[in-house]
Amino acid sequence: MPEVLAPAAAAILDVQAITAGYGGPPIISDVSLRAARGKLTALVGPNGAGKSTFIKVVAGLIKPTEGRVTLDGTDVTGVPAQLLVRRGISYVPQVSNVFPTLTVLENLEMGAYTRRHGVKQKIDELCGMFPDLHPALKRQARTLSGGQRTMLAIARGLMLDPHVLILDEPTAGLAPKFIDAVWEQVLTVRKLNVAVLIVEQNTRRTLTHADWAYVMVLGRNALGGTGKQLLDDPEVVNLYIGKEV
Ligand SMILES: Nc1ncnc2c1ncn2[C@@H]1O[C@H](COP(=O)(O)OP(=O)(O)OP(=O)(O)O)[C@@H](O)[C@H]1O
Ligand SMILES: [Mg+2]
29 MPEVLAPAAA AILDVQAITA GYGGPPIISD VSLRAARGKL TALVGPNGAG KSTFIKVVAG
89 LIKPTEGRVT LDGTDVTGVP AQLLVRRGIS YVPQVSNVFP TLTVLENLEM GAYTRRHGVK
149 QKIDELCGMF PDLHPALKRQ ARTLSGGQRT MLAIARGLML DPHVLILDEP TAGLAPKFID
209 AVWEQVLTVR KLNVAVLIVE QNTRRTLTHA DWAYVMVLGR NALGGTGKQL LDDPEVVNLY
269 IGKEV
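For what it's worth, the working numbering labels the leading residue of the sequence shown as 29, then goes sequentially.
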């Protein structure tokens, strides 16, 4: 078990002791995490630690061999991704997160494929939140900058008003000015009372913003705590932050 989990009472997402992999030996073992609405929960750790594998389990893309995923008290372990989306778990993968040859508008509409009412209103609302998208609605997504594409992916992930928004390294590969803009958007999403679960590379910055964070190492929970507790932990600083530029 992890050393420190976020309090259970406030958690909408409670992931317990997950073991999972890709058919061979487990890639992650006994990993737990909790996330609460209106909070930013971060998962950090070195390359290959199993962060993406873990969130694919939460998003319903991989079935765990052991453990449980509960959403608002309901067991959703093994529920496939396309059904989990309707239950309120939205997942934005690191790559291939928009359809490049579709327009921005079409991408947003695709994000709402199960929404019957209020699609236009939701798009208007998201264009207010992500101002770059409005003038680009009729353009193909492939013409957007990397930062704008990430914003489109996040906006698309919000089309169904999710309870939980999972973001896998949304700032990876972006120029610094776009990284700032994406972080600003992520913090805005938190204000919508969504439980934001973010995997990030830049540990210091992520811990600065995170309400609660988990460090994963070699497929296991290594540490957990508030962002501030981890930032103040010399072990975290030595192992994960010291090397950051
Ligand atoms: N589809 C796959 N099939 C088999 N093994 C995989 C697959 N995807 C990832 N792995 C392996 O699982 C391990 C963990 O990978 P994962 O992508 O979950 O790590 P990560 O923490 O997200 O790393 P990064 O920071 O580089 O994104 C790695 O050893 C990787 O090679
Ligand atoms: Mg990854």
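Each residue gets a CB set at the ideal place from its N, CA and C atoms; glycine is no exception.
Between L202 and V210, how many whole angstroms is the CB-CB distance? I'm expecting something under 8 Å.
Contact between L202 and V210 holds: CB atoms are separated by about 7 Å, below the 8 Å threshold.
Between the Cα of I194 and those of D208, S80 and T216, spot the shortest distance and give me the residue it belongs to.
Ranking D208, S80 and T216 by Cα distance to I194 puts S80 first.
Using a 10 Å radius around the Cβ and a threshold of 16 neighbouring Cβ atoms, would you call A36 buried or exposed?
When all chains shown are included, A36 counts as exposed.
According to DSSP, is M244 helix, strand or coil?
The answer is strand: DSSP assigns M244 an E or B state.
Distance between G139 and I56 (C-alpha atoms, nearest Å)
Note on geometry: alpha-carbon atoms of I56 and G139 lie some 29 Å from one another.
Return yes when the Cβ of V107 is within less than 9 Å of the Cβ of Q44, no when it is not.
It is not a contact, given that the beta carbons lie outside the stated cut-off.
So what's E94 in DSSP terms, helix, strand or just coil?
Three-state DSSP puts E94 in a strand.
For A77, which option in P159, H145, A241 and V245 has the closest C-alpha, if you only look at C-alpha atoms?
A77 has its Cα closest to that of V245, out of P159, H145, A241 and V245.
Quick check: does the Cβ of G88 come within less than 8 Å of any heavy atom belonging to ligand 1?
Answer for G88: no, Cβ out of range of ligand 1.
Would the beta-carbon of S80 be found less than 8 Å away from any heavy atom of ligand 2?
At least one heavy atom of ligand 2 is found less than 8 Å from the C-beta of S80.
With a CB to CB cut of under 6 Å and the five nearest residues on each side skipped, what residues in its chain are close to Q176?
Excluding sequence neighbours, Q176 sits near D160.
Quick one: residues in its chain with C-beta nearer than 6 Å to the C-beta of V126, no 5 flanking neighbours on either side, listed in chain order?
Excluding positions up to five away in sequence, the list reads N135, A169, R177, L180 and A181.
Between the CA atoms of D42 and Q191 - distance to the nearest angstrom
According to the sequence displayed, residue 191 carries His and not Gln. In this structure, the straight-line span from the alpha carbon of H191 to that of D42 is close to 13 Å.
Any non-hydrogen atom of ligand 2 within 8 Å of V243 CB:
The answer is no for V243.
Could you please give me the residues that DSSP links to Y119 through a beta bridge?
Paired residues: I194.
Please state the DSSP three-state secondary structure of L202.
In this structure, DSSP gives L202 a state outside helix and strand, which the three-state scheme calls coil.
Check whether the Cβ of E197 sits closer than 8 Å to any heavy atom of ligand 2, and report yes or no.
Result yes, Cβ under 8 Å from ligand 2.
Which residues in the same chain have their Cβ closer than 7 Å to the Cβ of T129, if we skip the five residues on either side of it in sequence?
Sequence-distant partners of T129 (beyond 5 residues in either direction) whose C-beta falls short of 7 Å from its own C-beta, in its chain, are Q168 and R170.
Could you tell me the alpha carbon to alpha carbon distance between D189 and V59, rounded to whole angstroms?
Each residue's Cα considered, the two are about 27 Å apart.
Just to confirm, are I226 and P198 a CB contact at a threshold of 9 Å?
Yes, they are a contact pair.
Determine, using beta-carbon pairs with one atom in the stretch 234 to 248 and one in the stretch 62 to 74, whether at least three such pairs fall under 8 Å.
With the cut-off at 8 Å, the stretch 234 to 248 and the stretch 62 to 74 touch.
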